[in-house]
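K.L.:
Could you have a look at this structure, given as structure tokens, before my questions?
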Amino acid sequence: MGNLAGCATGYVFPAAPAPQPLLVIEGMTVDFNGVRVLRGIDLTLARGEALGIVGESGSGKSVTWLAALGLLPRSATVSGSVRLDGEEMLGAAASRLDRIRGGRVAMIFQDPSSALNPVLRIGRQIGEVLARHHGVSGSNIRAEAKRLFDLVGLPDAARRFDAYPHELSGGQNQRVMIAMALAGKPDVLVADEPTTALDATIQAQILDLLTTIRRETGMALVLISHDLGVVSETCDRIIVMYTGSVVETAPADAIFASPRHPYTQGLLAALPPFEGALHRLVPIEGQVPDPTNLPPGCAFAPRCPKRLAVCEEAVPPLAQPENGRFSACIAATVQPARLSLKLNTSVLA
Amino acid sequence: MFRFFAIRVLRAVLTVALVVTFAFIVLRLSGDPARSIMGDDASPEAMTAFRREWGLDQPLWMQYFHYFAAIFEGELGRSMRGGVPALDLVLERIPATLMLTLPAFLMKLAIGIPAGVYAALYRDSVIDRAVMVTAVAGYTVPSFVLGLVLVQLLAIWVAWLPTGGTGGLQHLILPIITLGVGGAAVLARFVRSAMLEVLGQPYIRAASAKGIPWASVVRGHALPNAAIPTVTIVGFMVGNLIAGSVVVESVFSWPGVGNLLVVSVAARDLAVVQSILLLVAAAMVFSNLIVDFLYGVLDPRLANGNTGGDH
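Line by line, the protein sequences give chains A and B. Under the working numbering, the residues of the first sequence are numbered -9 to 339, in order. Under the working numbering, the residues of the second sequence are numbered 1246 to 1556, in order.
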């Protein structure tokens, strides 16, 4: 478990959560043209926490944060509550949202080369963040941009100011995106699949950079990924999503040691082992259900090897079987947790 | 850099030469100038004399050779009706045409661009529907139909404006509107789809995520990108300034280049028709050169790609 060692030893899960979480999402739903894609999300983010959100495409992991920041198209209907330091963000006036976005909650995206405007110089793009959120102007913008470029390890920082995005590599562009996100000195950085579009070697560098920056600035990090491996190395706590719902929440090390939800167990079984002999990976049977036609009970039930008759009748609530862990699975609460551990030791060992 | 422009200019010259050649051949195959200018009643001797005078008795390839040789000396021939240099005849008509096409061009920009931008920003709204319905109507109705309808309404029924001809500013209004509507409609549709394409790009959402107010995102991030495809069609409109009003000039009996073209084609006045086509081709090719240049200015990705090899 070499890759997991850092996570398991470096982080001590607190006995009780912080009294006032930085950001709270409650009962958030999102509908696109009458189709529900997010089915009531509850989550909290503590100050300085590194939270991983894992799920397949279509699970709602990105939509959750786009909705929270008011970045979904008008065709989306969002309801529920998103509070930042106790202040409601959903339905807030555009001017207030514009101060929060980039200023308190920054977001970076999957493909940095398309997230940067191709016809504007990089300096102008980072400059507008500095000007808007911190009133930096004139030649100070260039100096501050250079400091940020140095901070994110962009080579030849001074000259990048006048470059266009197409003159940089994907990894360099992602560093620019991170520098732009840091320019607002945010409390939260939401990174939506920040390494998916990058080469494997660059992926590790970017993840290291995010970890380092979080440690140095104390900002919270939300890392959205379809890759449990990526998230486990970087995050303290992991939320697993499936078809627009949270199915499991647990500390990163615990989720690997004893995944509660059969879907999480399936995800782990589908990961190649970190050490030891390679063996055949176990895929999750079946398909992700179509959001227009979800089963009446647990959405994962049709694919679940442990389903019981009750699973197909009612949607299981997110229950807390032990401190700091939540799982939305009826079978897991009925059957002893040991069983699931046994299933996965063969995968992890 | 030099090679880039040299290639463009060479290609431009080649295009013009091809247009002129094509016009030369088609015009000579399509009718006999002697008959159309002298009239059917002229004696065979007079016809022969006319053909000899204008070199029409020579083989086609000889005529073509002489014509091209003359072009390189700046000589575009004389009008067969009156013997005036054809180029002078055309040039003196250009101001009249520009009096219609320039204001119409500005009208296309002033209406088409904002309409397209707003339609895209408020996609599927009442504004969008209204703009698109108007635009489809505006560019499907042929300009001569629109011109005649406007004449019927505003010049004949309510009699606010003249039906055609020249005189004061009031003579300009109907032809300019007739010319402008179609172009504004085309531009509105084009700008709308360019804007929709750009607004769906990840960098627009990323700009919003930085806390840039929506109006600034549209102005600073979306419009500069949507301008790139739009330049193509605006360039085409610029190329059309000289000869884009043939039909409208006929409808409103406006003494411009278009009118001269119609009359000269009917009379097979070869030198005049060819001079007009040469000018039109040159204008089109020139505006295309400008468009190419503007691409480089508007899109830094192209600027590098185009000139990269020569640095």
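Cβ coordinates follow ideal geometry from the N, Cα and C atoms, glycine included.
Restricting to runs no shorter than 3 residues, where is the beta strand (DSSP E) found entirely within the segment 217 to 287 of chain A?
P.N.:
Complete beta strand (DSSP E) runs here, min 3: 227 to 232 and 235 to 241.
K.L.:
Does any residue of chain A bring its CB to less than 9 Å from the CB of B/Leu1441?
P.N.:
Taking the first residue of the second sequence as 1, we reach residue 1441 of chain B at position 196. No, its Cβ sits nowhere closer than 9 Å to a Cβ of chain A.
K.L.:
In this structure, how does DSSP classify B/Thr1411 when only helix, strand and coil are distinguished?
P.N.:
On the second sequence, position 166 is the one that residue 1411 of chain B refers to. Coil.
K.L.:
Would A/Tyr253 and A/Cys301 qualify as a contact pair, given that the criterion is a beta-carbon distance under 9 Å?
P.N.:
As a working mapping, residue 253 of chain A is identified with position 263 in the first sequence. As a working mapping, residue 301 of chain A is identified with position 311 in the first sequence. No, these two residues do not count as a Cβ contact at 9 Å.
K.L.:
Run through the DSSP bridge pairs and tell me what A/Val25 is partnered with.
P.N.:
Along the first sequence, read from residue 1 onward, the residue named residue 25 of chain A stands at position 35. Answer is A/Phe22.
K.L.:
Listed from N- to C-terminal order along the chain, which residues in the segment 123 to 138 of chain A have their beta-carbon within a distance smaller than 8 Å of any beta-carbon of chain C?
P.N.:
As a matter of chain content, chain C is missing from the structure shown, whose protein chains are A and B.
K.L.:
Would you kindly work out how many angstroms separate the C-alpha atoms of B/Ser1288 and B/Ala1516, rounded to a whole number?
P.N.:
What you label residue 1288 of chain B is simply residue 43 of the second sequence in a count that begins at 1. What you label residue 1516 of chain B is simply residue 271 of the second sequence in a count that begins at 1. B/Ser1288 and B/Ala1516: Cα-Cα distance of roughly 24 Å.
K.L.:
Looking at the structure shown, is B/Met1482 part of a helix, part of a strand, or coil, going by DSSP?
P.N.:
In the second sequence, the residue the question calls residue 1482 of chain B occupies position 237. B/Met1482: helix per DSSP, three-state reduction.
K.L.:
Starting from the beta carbon of A/Gly93, find every residue of chain B whose beta carbon is closer than 8 Å, and list them in chain order.
P.N.:
On the first sequence, residue 93 of chain A is found 103 positions in, with the first residue counted as 1. Ordered by position in chain B, the residues that pass the 8 Å Cβ test against A/Gly93 are Gly1456.
K.L.:
Determine, using beta-carbon pairs with one atom in the segment 36 to 50 of chain A and one in the segment 102 to 120 of chain A, whether at least three such pairs fall under 8 Å.
P.N.:
Cβ pair count under 8 Å is below three, so no.
K.L.:
Check each candidate in B/Ile1487, B/Ser1453 and B/Val1394 and name the one with the smallest Cα separation from A/Arg86.
P.N.:
Numbered from 1 along the first sequence, position 96 holds the residue referred to as residue 86 of chain A. Selected option, being the one with the closest Cα: B/Ser1453.
K.L.:
Does the distance from the C-beta atom of A/Ala40 to that of A/Leu211 stay below 9 Å?
P.N.:
To locate residue 40 of chain A, count along the first sequence from 1; it is residue 50. To locate residue 211 of chain A, count along the first sequence from 1; it is residue 221. In this structure, A/Leu211 lies closer than 9 Å to A/Ala40 by Cβ.
K.L.:
Per DSSP, which one or two residues make a beta bridge with A/Gly42?
P.N.:
Residue 42 of chain A sits at position 52 when you count from the first residue of the first sequence. DSSP lists A/Leu213 and A/Ile228 as partners of A/Gly42.
K.L.:
Less than 8 Å between the CB atoms is what I'm expecting for B/Leu1493 and B/Pro1420, so what's the real figure, rounded?
P.N.:
Translated into positions along the second sequence, residue 1493 of chain B becomes position 248. Translated into positions along the second sequence, residue 1420 of chain B becomes position 175. The amino acid at residue 1493 of chain B is misidentified as Leu; the sequence shows Val. Going by Cβ atoms, the distance from B/Val1493 to B/Pro1420 rounds to 5 Å, so yes, they are a contact pair.
K.L.:
Of all the CB atoms in chain B, is at least one closer than 9 Å to the CB of A/Asn23?
P.N.:
As a working mapping, residue 23 of chain A is identified with position 33 in the first sequence. Chain B, which has no Cβ nearer than 9 Å to the Cβ of A/Asn23, makes this no.
K.L.:
Can you have a look at A/Gly256 and say buried or exposed, based on whether 16 or more other CB atoms are within 10 angstroms of its CB?
P.N.:
The residue you call residue 256 of chain A lines up with position 266 of the first sequence. Classification for A/Gly256: buried.
K.L.:
In terms of alpha-carbon separation, which member of A/Arg37, A/Ala57, A/Leu12 and A/Arg89 lies closest to A/Leu74?
P.N.:
As a working note, residue 74 of chain A is residue 84 in the first sequence. When only C-alpha atoms are compared, the closest one is A/Leu12.
K.L.:
Leaving out the 5 sequence neighbours to the left and right, which residues in its chain are closer than 8 Å to B/Asp1302 when beta-carbon positions are compared?
P.N.:
Here residue 1302 of chain B refers to the residue found at position 57 of the second sequence. Hits under 8 Å: Thr1293 and Arg1296.
K.L.:
Any residues in the segment 167 to 192 of chain A with a beta carbon nearer than 9 Å to a beta carbon of chain B? Which ones, in chain order?
P.N.:
Against chain B - using a Cβ distance shorter than 9 Å - the residues of the segment 167 to 192 of chain A are Met167, Met170, Ala171, Ala173, Gly174 and Val180.
K.L.:
Is A/Gln100 close to chain B, meaning its C-beta is less than 9 Å from at least one C-beta of that chain?
P.N.:
Here residue 100 of chain A is taken as the residue at index 110 of the first sequence, counted from 1. Yes, contact with chain B.
K.L.:
Given this structure, state the Cα-to-Cα distance separating A/Met209 from A/Pro281, to the nearest angstrom.
P.N.:
Here the question's residue 209 of chain A lines up with position 219 in the first sequence. Here the question's residue 281 of chain A lines up with position 291 in the first sequence. In a straight line, the C-alpha of A/Met209 is about 34 Å away from that of A/Pro281.
K.L.:
From this set, B/Arg1434, B/Ile1535 and B/Leu1547, which residue's C-alpha is nearest B/Lys1353's C-alpha?
P.N.:
Position 108 of the second sequence, counted from the start, is the residue given in the question as residue 1353 of chain B. Residue B/Arg1434 is the option with its Cα nearest to B/Lys1353.
K.L.:
Can you find a CB in chain A that lies within less than 9 Å of the CB of B/Gly1553?
P.N.:
Start at 1 with the first residue of the second sequence, and residue 1553 of chain B comes out as number 308. Note that B/Gly1553 scores 36 on pLDDT, short of 50, meaning its location in the model is unreliable; the coordinates nonetheless yield the value given after this. Not one chain A Cβ lies under 9 Å of B/Gly1553.
K.L.:
Taking A/Ser129 as the reference, give the member of A/Glu223, A/Val72, A/Gly117 and A/Leu28 with the closest Cα.
P.N.:
Here residue 129 of chain A is taken as the residue at index 139 of the first sequence, counted from 1. Closest by alpha carbon: A/Gly117.
K.L.:
Does DSSP put A/Ile98 in a helix, a strand or coil?
P.N.:
As a working mapping, residue 98 of chain A is identified with position 108 in the first sequence. Three-state DSSP puts A/Ile98 in a strand.
K.L.:
In angstroms, rounded to a whole number, what distance separates the CA positions of B/Trp1299 and B/Ala1268?
P.N.:
Taking the second sequence and counting its residues from 1, one reaches residue 1299 of chain B at position 54. Taking the second sequence and counting its residues from 1, one reaches residue 1268 of chain B at position 23. Distance between the alpha carbons of B/Trp1299 and B/Ala1268 is about 17 Å.
K.L.:
Do A/Gly143 and A/Arg122 count as a contact pair if the criterion is CB distance below 9 Å?
P.N.:
Looking up residue 122 of chain A in the first sequence gives position 132. Looking up residue 143 of chain A in the first sequence gives position 153. No, they are not a contact pair.
K.L.:
Measuring alpha carbon to alpha carbon, tell me which of A/Ala147, A/Leu138, A/Val126 and A/Ile98 ends up nearest A/Glu183.
P.N.:
For the purposes of this step, residue 183 of chain A is identified with residue 193 of the first sequence, where counting begins at 1. The shortest C-alpha separation from A/Glu183 is found at A/Ile98.
K.L.:
Identify the contact partners of B/His1466 in chain A, using a Cβ-Cβ distance below 8 Å as the criterion.
P.N.:
Locating residue 1466 of chain B in the second sequence gives position 221, where the first residue counts as 1. Chain A residues near B/His1466: Asn107 and Leu110.
K.L.:
When the distance is taken between beta carbons, is B/Ala1430 closer than 9 Å to B/Phe1477?
P.N.:
Here residue 1477 of chain B is taken as the residue at index 232 of the second sequence, counted from 1. Here residue 1430 of chain B is taken as the residue at index 185 of the second sequence, counted from 1. The amino acid at residue 1477 of chain B is misidentified as Phe; the sequence shows Thr. Not a contact, by the Cβ cut-off of 9 Å.
K.L.:
Determine the closest residue to B/Leu1332 out of B/Val1536, B/Leu1539, B/Ser1532 and B/Ser1509, with distance taken between C-alpha atoms.
P.N.:
The sequence position of residue 1332 of chain B within the second sequence is 87, counting from 1. Minimum Cα distance to B/Leu1332 is reached at B/Ser1509.
K.L.:
Three or more beta-carbon pairs under 8 Å between the segment 25 to 37 of chain A and the segment 226 to 241 of chain A, yes or no?
P.N.:
Yes, the segment 25 to 37 of chain A is in contact with the segment 226 to 241 of chain A.
K.L.:
Identify the continuous beta strand (DSSP E) that holds A/Asp182 and give its terminal residues.
P.N.:
One-based indexing of the first sequence puts residue 182 of chain A at position 192. Residues Val178 to Asp182.
K.L.:
Does the Cβ-Cβ distance between B/Gly1445 and A/Arg91 come in under 9 Å?
P.N.:
On the second sequence, position 200 is the one that residue 1445 of chain B refers to. On the first sequence, position 101 is the one that residue 91 of chain A refers to. Cβ atoms of B/Gly1445 and A/Arg91: not closer than 9 Å.
K.L.:
Please give me, in chain order, every unbroken run of the alpha helix (DSSP H) with length at least 4 that falls completely inside the segment 128 to 196 of chain A.
P.N.:
The segment 128 to 196 of chain A contains these whole alpha helix (DSSP H) runs: 129 to 141, 147 to 150 and 160 to 173.
K.L.:
Inspect the CB distances between the segment 1490 to 1507 of chain B and the segment 1339 to 1356 of chain B and report whether three or more fall short of 8 Å.
P.N.:
Short answer: they touch.
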